[in-house]
Structure formats: C-alpha cells, structure tokens
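Only one structure is covered here, and it is reproduced in the block below.
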Amino acid sequence: MRPFDPRLLRSIPEARRPLVLLAVVGTVQGVATIATAFALAHLAVAVVRGQSLGEPAAYLLGLFVIRGILAFLGERVAARGGVAVSTALRRRLVSRWLSLPAEDRPEPGVAVTLATQGTTSVEPYAARFLPALVTAAVVPALALVALVAVDWVSALVVALTLPLLPVFAALIGAATRDETQRRWSSLAGLSGHFLDVMRGLPTLVGYGRAERQVDTIAEVSGRHRRATMATLRLAFLSSAALELLATICVAIVAVFVGLRLAYGSMELLPGLVAILLAPEAYWPVRRVGAEFHSAADGTAALESALDELEAATAAPARAPATSGTVVLTRLSYTYPGSSRPVLDGVDLEAGPGLTVVTGESGVGKSTLLELVAGLRTPDAGTIEAPEAHLVTQRPFLMTGTVRANLTLGQGRPVCEDEQWAALRAVALDSLVESLPHDLDETLGDDGRGLSAGQRARLVLARALLSDAPLVLLDEPTAHLDDESVTVAHRAIRDLAATRTVIAVTHRPELVALADHHVHLRAHASTRHTEEVPA
Amino acid sequence: MRLADRQTIAAGLLGAVAVSSGVALTATSGWLIVRASEKPVILTLLTAIVAVRAFGMARPVFRYWERLRSHDAALADLARERTSLYAALIPLTPARLVRRGRAAMLTGVVDDLTDRVEARVRVTVPAVATTLTAVFATVLCWLVEPAAGLTVAALTVVVALTTWVAWRVETRGHDDLGAARAEVGRVSELVTSQALELQAIGAQEAATGWLDDAHARLDRAVRRQVTGRALAAAVLPAATAVATVVCAVVAAGSDRSAPVLGLLVLAPFALAEVFAPLPDVARALARAQAADRDLKTLLDAQPAVRATTRGRVLEHGSVPHLRLSGVTASWDGTRRAAGPVDLDVAPGSVVAVTGPSGVGKSTVLAVLARQLDPESGSYTIDGTDALDLPLNQVRGLFAIVDDEPHVFATTLRENLRFARPSATDDDLRAALASAGLGGLDADLDTRLGTGGRGLSGGERARLSIARALLSGRPVLLLDEPVAHLDHATAVAVLDDLMAHRGGRSVVVVSHRPEGLHGAHGIIDLRDHAPMAAAG
C-alpha cells in the first residue's frame, strides 16, 4: 500500500488544484508555526530580561492572526478538497463505465461498492491523511533548517534522532504484523455480524427466529469487544512508545541546551527557540502514523479506482454506417466467465423498414441487439451499424416527470408539441392529459404508477422521439394486454416507415407486420440465421 | 442520551492527567531553561529536571491508560446497546420499518448506534480532560499572578463559546449533509447498476449530469458544515495570541522570579495544544445527538399488531382458507393505505394482487401475514377470526419472499436451516433443487454473503424461495419477488416456483407483468373487487 499514488494527479486532473492548495496551506502553516516559536521565545526573553514587549508582542499577534487565517483556510480547503477529490474520482469512474462496453465493466456489485463507499472513503484520505503527509515532509525539514541557524548542536541531535521514529514505527509494525493481520480479519467478521443480523432482521422475524438472535448478539459482541481490545492494546501501545521516544528525543535536546545555558556557553534566546522548535520536528511524523490507520480504506479504494481508470480496453470492432443499413459479418460473442459462445458466426443484414428476429429463448437474441447497439464488443466478426436507440426488456425509467422520462437521452431539446405527438402515436395522450400535472406528473422509480402496458408504450414514445436512424426493440410487446399490443404494433410499423427497426419478438402479429423476418437458431456448435420470407 | 457514566468519567480523569502532564511539561521546561540561563548550581535544577522527566513519561503512559479504559467501556456499552436495540426492534419489524430499502435503513440504524456510543469516547473523555486541565492551569496561574489566572480563564471561556458555536453550526448542517450524501449514494448506485440501460437509450450525459447535481449539492452542504469548525479553528490561535500577550504584560509587571515569569508567558501556548481537538469534539457531539434523535423516533413507534397467545390452535400442516372481507388498513393510524378489500384465497390457489403503486398491494400482504392489524372488516382463517388466533401460529402459516432477500454471512446450510431447524442436508438439497439452485457451484458448507461467495440477483431470489419451500409453511406471500431481476431471469424464477409449489397457496404482488404469470385469479385493487381472469 503506497501512501501516495502519483497516478492520482495524472488520472484525475480535477484533483490537482485541491491537492496543491492543501500542500501550499500545509507548508505555509509549517512556516508560520516555526516563526511562532521564534516570536514566543523573543517575548519570553523580553519579559524575563525586563525589555520592551512591544515588538515581540506585535510579531506574535501578527503571526497568530496569520495562523488563525491559515487554520480557517486549512479546515475549509481540507474538507472541500476531500470532497473534490472523491467526487472527481467518482465522476471519472462513472463516466468511464458509461462509455465502456458491458464486458469491460467490473461486476455490478463491485462497481456499486467502488462508486459509493469506495470513493467516499477517499475523502478522509485526501482531507486528513494527505495534509498530514505534506506537513510531515515539510515541517520537520523546516524546523531542522531553523535549528541549524539557531543552534547547530540541537540541530545535530534532532537530525540524528528524527530517523529513529519511522525506523521504530516500522520495527513495531514488522514485529506485530502477523498478529495484527490475524486479528483484523477475525475482527472484520465479528464486527460485521451485528450489521448482518440487523439487515436480516425482517427475514428472521418472518421465520420467527429473531428472538434467538438476541443472545447470539450479546455473545458475539462480547467476543468482538475482547478481540478489539487486544488489537487496540497493541495499537495504543505502539503509539505510546512512539510518543515516549519523541519525548526522550526532545529531552535530549533540552538537556544539551540546559547544560550549555548553565555553563554560560549559550544565550537564553537560542535555547528557548531550540526547545520550542524541537517538538515541531517530531509530532508531524507521529501524526502521519495516526492518520495512516484511518486512511487505510481510502488508500485501498483509491488504488482499485485508479486501476479501473487506467485499464486498457479493446478497440471496438464497430464501423459506423452512414446509411441506415445494418450488416453483421461472422459475429461471435461469449459472455465473460462463460466457456460457450452465445453467438457463433452470425451473419445478418437489415435495411430500412421493420426486421423481426425470432428464435428460441436463450439463443442470444437480446445479446445480438446489444452488440448491434455497441453495448458489447464481439469476440470475432464485424458490425456495421448506425447510431442506435435500444429499448431493452427492462427499459430505464427514472423517478421523475413524464417529460423527463420522454426526453431522457435525446441529444437535443424536444419541444412540447413533439412530446404530445409521440404520446398520441402510442395512444398515451389522453392518459397523460388526465394526470393532474400532465407532462410534469412525477412517476415513481421504475415507472411505478403506470401499468405494464403504459410503461411499454411510454418507452416506445421515447424511441419515436429519438433521432437515431436505427431503433432496436427487445420483446416490445411481451406480456401486454391486447389493447396495448395493438397500439404498440401500429406505432412500431409507423416508426419503420422512416427508419431501420429491428425487433426481437415472439408475437406472430408483429412478425406478420415485418418487412423481413430472421430466425435465429442454435445449430450444433454454430448458430446461424435463416431468412424467412415475410 | 447518556453521555457520562462512571467508566467514562474515570477515563476522562486519566485523560486529564495525561493532558495536564503535557501542559506541565511545556511549562516546567520553560522554567528550567530560564532558570538554567541564570547559571545556578546544577544541583538546584535537579527537582525541576525530575519533574520534567516525570511529566514527559506521564503523558504517554496516562494517555495509553485512558484510551484502554475509554475504549473498553465504550465497547461494553456497544455490546449492551446492540442487544437491547435488537430486542426492541423485533416487535416493530417489519411494519414500523420503511417499506422499501429496509436493508439500507437498518444499516443506518447500526451506524447511528455506533455514533451514539462513540460519543462517550469522542466527546465525554476529551471534554472532561480539557475542562479539568483548563481549570488546573487557571488555578496555578492565579496562584502565581491573579491577573494571569483571569487571562487563562478568559481564554478558556472564549474557546468554550467558539466550540458551542461550532456545535450549533454542525447540528444545523447535519441533516442537510446527510441528505446530500445519501443522494450521491443513490445516484451513483442507480447509474452504476443501470449502466447498460442508460447506454441503450443514449442517456450517458444525462446520467453524469445527475451525478454532477448531487455532487454540487454535497459540496454546498460540506461548505456550510465546515464553516463552524473552520471558525473555531481560526479563533483558537487568535485567542491564544491575545492571551499570551496579556500574560506577558502581566508578567512584565510582576515581581516574581524570571523562571516563573517564563512559565506564565508559555502557559496559554501550552493550553492551545489542549484546545485544538475541540472542533472535532463538537462535530462528534452533533453527530451523536442526531443519531440519538433518529433512534428515539424509530423506537418510540408502537407495534403494529396486538399479540394474542391464546385461542384455538390451528390444525398443523393443512393449507388454510384465507378470506378478507371489507378489510381496510393503515400504517400510521390516520391515512388509509388499503381497502376496503375483499380477497378469497382458497387452499392451493394462486392469487395475484395488482394495481398502481400506492393502492395498497403490500398492505394487503401485511394484513394477511399478521404484520399489521386491519382497521375494519374481517380476516378469517378457515372461518375463524385471525385476530383471535395465536399470533405466532398465524405468522407461522406464511413464508414471505420479497424483493430484498437477505443473504446471511454464513454457510449456505445456515442460510437455509433457520427456516426449518430440523431439516436434514437432504431436505436442504431438495429445497435448493426445487428453487432452481440445484446447479449452484457451491456445497452446503460454502460461505455466502459478505466475505463469502457472491450471489447474483436471480440466485438471491431463488435462495429466498428455497427458504420458503423448506419452511413447509402452507402459504407463500410474494411481494415484488422479481422487481430487481432482468426479464428472462424473472420468468425463469417464477416458473420454477410455480412448478414446485406443491399444494401451497400463493399470493403474489407485482407491478411487473411477469409476476402475474400463471395466476388463477387477479385482484386489481383499483376496482376494490375481485374479478375473474384467465391464468
């Protein structure tokens, strides 16, 4: 696990500005902190020596005001920077997935987790861990430089002892790695148990088994407590050890300063500056250790997201057609993870008008449409097809108005008259008119609120509005009531008058309306199409 | 919300020793340096050297001790609260949980509980430690020079006020931020899981547009939320500077020895380090309070059924005749959610309930399953009023398959067996085969769920059906069982179910046409009346 992956800057240009800001604020804060040590020492010396307080007090006030402003900016830059980095990452991921064919996308479960919790866990990584990293890189170095100028003996002590901290941390880490690893994995299981039985509560209540879980929860929570404490004891112990080590190092500086002061070989001012500066060299390193732990999830998520963004993809085997004709040549496709091709050497040609594709279920009809639409990349063969609008078997309907659903994905503004015309073509105009807010009526998720037939006709209206020269329909009228079927078939016929329409169907009525009929058939190891006179 | 108990206060006291040691370390070091510069006999410095060493050691040691104590107490609390929360939720499940997205809601409950319990470590312990240290520092400075004591006290008050403001801002922005985060999660999940459907209609740009809107809203919420914390973080150095200068002026006019004066000048600076974590404390408090509010709202609900334990005992094993006549029901006691509904489920029949959303399809199932009491009308089981029968027995008649089947993080065997603990491995395999999972490349010992083998949506639905078949319960209630499945899978899953249902009755609710396939009767709740339909 790398603390900082430079690919972040390369792949997510939006992250550069917030990260640079974080680094700048962190560095200036470091400079201000070191300047404060000087001002404070001057003020203390002025008080002790009975000198005028005006100048050091003014410096101190000025510096603290600057530090106040920096602290304000720092909090804001960190919080907003964290959000900026994680949202930019999420946006890049999602828009990349939306541009890839299906087989190049990760499994839906993996993708959803990465796009939600994964990218969100990058937020604390960017907002807390990276600033800590910048501070750890800048402040100890600045403190050391300042010390060299003030008192080289103290600088030498710090320079010699500072590397002990990371070395010591690494030693503790190495010594406890196996133990920690073992505990973490068992801990993950134990802490997940409660969430698991909570999410399963309705199921357990349904089978009358929930009461028995109460004792199990008490027992597992007890084990979780013991296991967590064992892990925490180790973590707290190592952080206490590091703190002690840092304190000892500062004490060594203090001893050298104290002795030289007592023997008169050193002035009070450099002595005070030295003991105020020395801790500044050590704490940023300890803070990185503390934040590293809480940023572990983010680091891991960032790595997989960047892998995802930089993965190479195959070039599409798709030639854009200028005419409305679709030509498929020796097309083969195998689902990822499957060994048998679902389509093997399919040839098909479909010109303007309505082409229907029939075939037994499982023969790859839906896959064929997805290939033609460019949503999948074939293993072999070529596809020549214009831009397509595909109405799948579960077309996307969003929570939103009728209007929003109609105009979704239309790469152009669609005027109200056109929307009504499309609704009229599928005989939904009177229904929509009867709604309290007609076109602005809100539909539920997945079209809840409409019947199955109404949903099918609505997505057909959307296909009518699309300006794609090729419209692909996957079982547009399966499971619909008779009235919807008649209306939908008429609309499909109208659509085919001006465009190339390919429809997969089991309906003989639709086959009867077609200009061409292709029967897709599984034949031994190869599958082929068969032109049936329409 | 209980923020303090003996354990937490004890941990807070240990924390106070650790934090005070830190302050004392800075102060005594300052004293020591100034004293050393007066070139005394080294021996006279010994006491101070010992003190510095002691404070230096005490800080990490006491901090370690405090962290052990506070975390152990919090974990013990977490164990107790988890158990009692679970027990309290059982009678409220499922009627008093949200209707859709229950798993996400229950995840939120788990997080809320953690936030509430963590408040004792993240709020109480640092608050006790900081307050005691500030009082201690004030008293010491007062003893040296009353004016310096007042200055330190004033610094403490200013910091406390700023923390209060930060807490207010956090509290006010908390709900907004939570809603904005939830929206980002919802949109990302929708767009990611529906990528293919969105590409099919060329809606990629619209989809990234939704994500951009959600992100913009999140950015606004974060900006508002962080202002309080940023303000608190900014006030601290400014107040420290003023306090330091005032202390310096006081010290300059004091007749104490030089080393003591050095100590006075450094005191506010040393305290600033102590105050630095307070904005985080304010944030943790705001979160815990919001979590507490949510949990109270949830647990204040009344169970939706009156439980009876007496009454006639149902005949075991036979398929009951269910009849609803003129039944109305409501989830909240004010708004009617369904009815009046007449429904007749003869033994062994398949009845589909349809109608647009909001018409009360799921409500009817909830009444049948005795998750919700009807408000009026009658519900009889084999002619006896269902409300007079023992609740556990009536509930035992129904196996429910919904659109959010939960897969437990355990073996396939345990994922099935809770539906019938006496089942043998052969029974389990038979149930899996009937549900169409016979070909699953997993044996009964395969671990499923989080960290185990993942199941596709179709496999999850089939697992849920296998449980229902295994349970031997005579009536299957299917609530949108295939809502999240693609068409082909939905048809295959339901065909398998209908083929293996045996003599069981089935009541199915679906807004998708596949779900109604094979029903003997379809009740459209829009008409409030049964109508005959072809199967």
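For the protein sequence lines, the chains are Z and V, in the order given.
Everything in the first sequence is counted per full-length UniProt numbering, starting at 1 for the first residue and increasing by one.
Everything in the second sequence is counted per full-length UniProt numbering, starting at 1 for the first residue and increasing by one.
We put the CB at the ideal spot given by N, CA and C, even for glycine.
Cα-Cα separation between L365/V and I400/V, rounded to whole angstroms: L365/V and I400/V have their alpha carbons spaced roughly 9 Å apart.
Proximity test, Cβ basis, 7 Å: R17/Z and chain V: Residue contact check for R17/Z against chain V: no CB pair falls below 7 Å.
Residue-chain proximity (F194/Z, chain V), Cβ-Cβ < 7 Å: F194/Z counts as touching chain V.
Chain V contact for F236/Z (CB, 7 Å cutoff): Cβ-Cβ to chain V under 7 Å: yes for F236/Z.
Continuous alpha helix (DSSP H) stretch holding E483/Z: start and end: Its alpha helix (DSSP H) spans residues 482-498.
D385/V - partner residues in DSSP beta bridges: Bridge partners of D385/V: T380/V.
Where V507/V falls: helix, strand or coil (DSSP): The answer is strand: DSSP assigns V507/V an E or B state.
DSSP beta-bridge partners of S332/Z: DSSP output for S332/Z lists A380/Z as bridge partner(s).
Distance between L463/V and L455/V (C-alpha atoms, nearest Å): Put simply, the backbone Cα of L455/V is about 9 Å away from that of L463/V.
Members of the segment 209-240 of chain V near chain Z, C-beta cut-off 8 Å: Listed by position, the residues of the segment 209-240 of chain V near chain Z (Cβ gap below 8 Å) are L211, D212, H215, L218, D219, V222, R223, Q225, V226, T227, R229, A230, L231, A233, A234, V235, L236, P237, A238, T240.
Beta-carbon spacing of T354/V, D524/V below 7 Å: Taking a C-beta distance under 7 Å as the contact criterion, T354/V and D524/V qualify as a contact pair.
Listed by chain order, chain Z residues near L502/V by CB distance under 9 Å: The displayed chain sequence assigns Gly, not Leu, to residue 502/V. Under the 9 Å cutoff, chain Z gives no residues; its nearest Cβ is about 19 Å from G502/V.
Separation of A519/V from G535/V, as counted between CA atoms: The pLDDT assigned to G535/V is 29, lower than 50, so where the model puts this residue is not dependable; a value taken from the coordinates is nonetheless given after this. Rounded to the nearest angstrom, the two C-alpha atoms are 5 Å apart.
R412/Z versus S332/Z - alpha carbon distance: If I take the Cα positions, the gap works out to 34 Å.
E349/Z in three-state terms, based on DSSP: Residue state, collapsed to three classes: strand.
Buried or exposed by the 16-neighbour rule on C-beta atoms within 10 Å, applied to residue 535/Z: No information on residue 535/Z is available, as it lies outside the stretch 1 to 534 that chain Z covers here.
DSSP state of V305/V mapped onto helix, strand, coil: Note: V305/V maps to coil in three-state DSSP.
Whether E441/Z touches V414/Z by CB criterion (7 Å): Not in contact: E441/Z and V414/Z (Cβ atoms no closer than 7 Å).
Member of A134/V, R69/V, R2/V, T384/V whose CA lies at the smallest distance from the CA of A24/V: Among A134/V, R69/V, R2/V, T384/V, the Cα nearest to that of A24/V belongs to A134/V.
Own chain, CB closer than 8 Å to Q225/V, minus 5 neighbours either side, in chain order: If we look at Q225/V and ignore the five residues flanking it on each side, its Cβ neighbours are V169, E170, G173, H174, D176, L177.
L391/V to H406/V span [Cα, whole Å]: Straight across, the Cα-Cα distance linking L391/V with H406/V is about 24 Å.
Nearest-angstrom Cα separation, counted from R199/Z out to D112/V: For D112/V and R199/Z, the distance between alpha carbons rounds to 14 Å.
Range of the contiguous beta strand (DSSP E) that encloses D440/Z: First-last for D440/Z: undefined, no H or E at that position.
Contact set between L32/V and chain Z, taken where Cβ atoms lie within less than 7 Å: Neighbourhood of L32/V in chain Z, by CB distance below 7 Å: G258, in chain order.
Local Cβ density within 10 Å of D178/Z, reported as buried at 16 or more and exposed below that: D178/Z counts as exposed, since fewer than 16 other beta carbons sit within 10 angstroms of its beta carbon.
Ranges of the alpha helix (DSSP H) found wholly within the segment 411-445 of chain V, counting only runs of at least 4: Counting only runs of 4 or more, we get 412-417, 425-434.
Proximity of A461/Z and L435/Z at Cβ, strictly below 7 Å: The answer is no: Cβ separation not under 7 Å.
Local Cβ density within 10 Å of Q302/V, reported as buried at 16 or more and exposed below that: Within 10 angstroms of the beta-carbon of Q302/V lie fewer than 16 other beta-carbons, which makes it exposed.
Cα-Cα separation between L201/Z and A103/V, rounded to whole angstroms: About 9 Å.
Chain Z contacts made by the segment 182-197 of chain V, where a contact means CB separation under 7 Å: So the close ones are G185, S188, E189, V191, T192, S193, Q194, A195, L196, E197.
Reduced DSSP secondary structure (H/G/I, E/B, other) of G411/Z: G411/Z falls in the coil class under three-state DSSP.
For L100/Z, three-class secondary structure by DSSP: If DSSP states are grouped into helix, strand and coil, L100/Z belongs with coil.
Pick from S362/V, L469/V, T489/V, I90/V that is closest to V214/Z, judged by C-alpha positions: Closest option to V214/Z, Cα to Cα, is I90/V.
Chain V residues whose Cβ lies nearer than 8 Å to that of residue 541/Z: Outside the shown range of chain Z (1 to 534) lies residue 541/Z, about which nothing can therefore be said.
Proximal residues of chain Z, C-beta to C-beta of A297/V below 8 Å: Looking at the sequence shown, residue 297/V is not Ala but Thr. Neighbours of T297/V on chain Z: none; closest Cβ ~17 Å, over 8 Å.
Residues that L495/Z contacts on chain V, provided the C-beta gap is smaller than 8 Å: In chain order: nothing, as chain V lies at least about 15 Å away.
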